[in-house]
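Reading through the structure tokens given below for one structure.
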Amino acid sequence: MSPVVMWAGGAMLAVAALLIVARIERGPSMLDRAIALDALVASLMGGLAMWSATTGRSDLVNVLVVLALVGFIGSVTLARFVAVEPEDEGRILTPEEVRIHDARLREALERERDRSAAGRDSAAQRAHPEGEQQ
Amino acid sequence: MSVVEWVASACFLLGCALTLVAAIGILRFPDLLARMHAGTKPQVLGLVLSMTGLGLSIGSSQVAWKLILVIVFQFMTAPVSAHMVGRAGYRTGKVREDLLEVDELTEDLERAKADETPG
Chain Z
169 MSPVVMWAGG AMLAVAALLI VARIERGPSM LDRAIALDAL VASLMGGLAM WSATTGRSDL
229 VNVLVVLALV GFIGSVTLAR FVAVEPEDEG RILTPEEVRI HDARLREALE RERDRSAAGR
289 DSAAQRAHPE GEQQ
Chain C
4 MSVVEWVASA CFLLGCALTL VAAIGILRFP DLLARMHAGT KPQVLGLVLS MTGLGLSIGS
64 SQVAWKLILV IVFQFMTAPV SAHMVGRAGY RTGKVREDLL EVDELTEDLE RAKADETPG
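Sequences listed follow chains Z and C, in order.
When we follow the working numbering, the leftmost residue of the first sequence carries the number 169, and every step to the right adds one.
When we follow the working numbering, the leftmost residue of the second sequence carries the number 4, and every step to the right adds one.
Below you can see the structure in the form of structure tokens.
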């Protein structure tokens, strides 16, 4: 196969994969992501087919068979266990929200460390009530 | 290039173009069912065309049988996943009712509920 066909088709497949990844990033629900992942696997299969035709490697055909067989398991599993998600949950946090969340987490960790240190002190006092130093 | 190679190249280009169309549809369409439509039909046809092109350009019967197997698997698994995703989407309220022309499932469910209540 001529390289022109390979490059033209490969460019189309690459653009398609990018668009699909954009949908996966955006996709408001897990089901949208599942069908986008199916489409991504299909475009991967197209790319593999073209690579196999260009280089004449017929062993890649086995990979195509496997991908066609297992490609749908992901979306079926997701669809089986999908639940009603809150409206706000299916998006990526903004940097501001991440900062707030991190600050809260760090504060909780700090508190936890203080408490465990205090607990160690009081345990030491209970063990040595005369106040001897170790 | 021979005729077979020309046909194979045309099949590959058409298949890649259909994959691109499917990706644009998945990105642009407004709700889950429309995206499923874009993600299954042009996608499967594009894959069939790519497999045809590969079979033509390799040109051995062993490979051709495997490619037919790929297409058969795709035809068997695509409706299964589409059915599961559509059902889950309907049950969890991901279907936008204002975009639907006909909604026979809701009508049927309501009729079944109305039949059930008196008895």
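For glycine and all other residues, C-beta sits at the position ideal for the given N, C-alpha and C.
Within the region 195-213 of chain Z, contact with chain C at the beta-carbon level (separation under 7 angstroms) is assigned to 197, 199, 200, 202, 203, 204, 206, 207, 210, 211 and 213.
According to the DSSP assignment, residue 242 of chain Z belongs to the alpha helix (DSSP H) that extends over 241-248. Proximity of residue 70 of chain C to chain Z, defined by a Cβ-Cβ separation below 8 angstroms, is satisfied.
Listed along chain Z are 197 and 199, each with a C-beta nearer than 7 angstroms to that of residue 97 of chain C. Annotated as distal: residue 41 of chain C and residue 199 of chain Z, with beta-carbon spacing of 8 angstroms or more.
Not a single C-beta of chain Z is nearer than 8 angstroms to the C-beta of residue 100 of chain C. Ranking C/100, C/107 and C/48 by CA distance to the CA of residue 73 of chain C puts C/48 first. Distances from the alpha-carbon of residue 28 of chain C to those of C/14, C/17, C/45 and C/12 put C/45 closest.
Looking only at C/43, C/26 and C/55, the smallest Cα-Cα distance to residue 10 of chain C is reached by C/55.
For the region 23-57 of chain C, the set of residues with a beta-carbon nearer than 7 angstroms to any beta-carbon of chain Z comprises 23, 25, 26, 27, 29, 30, 35, 38, 39, 42, 46, 49, 50, 53, 54, 56 and 57, in chain order. In the structure shown, the three-state DSSP call for residue 107 of chain C is helix. At the C-beta level, residue 203 of chain Z and residue 39 of chain C come within 8 angstroms of one another. Between residue 207 of chain Z and residue 26 of chain C, the CB-CB gap stays under 8 angstroms. DSSP places residue 120 of chain C outside both helix and strand once states are collapsed to three, so it counts as coil.
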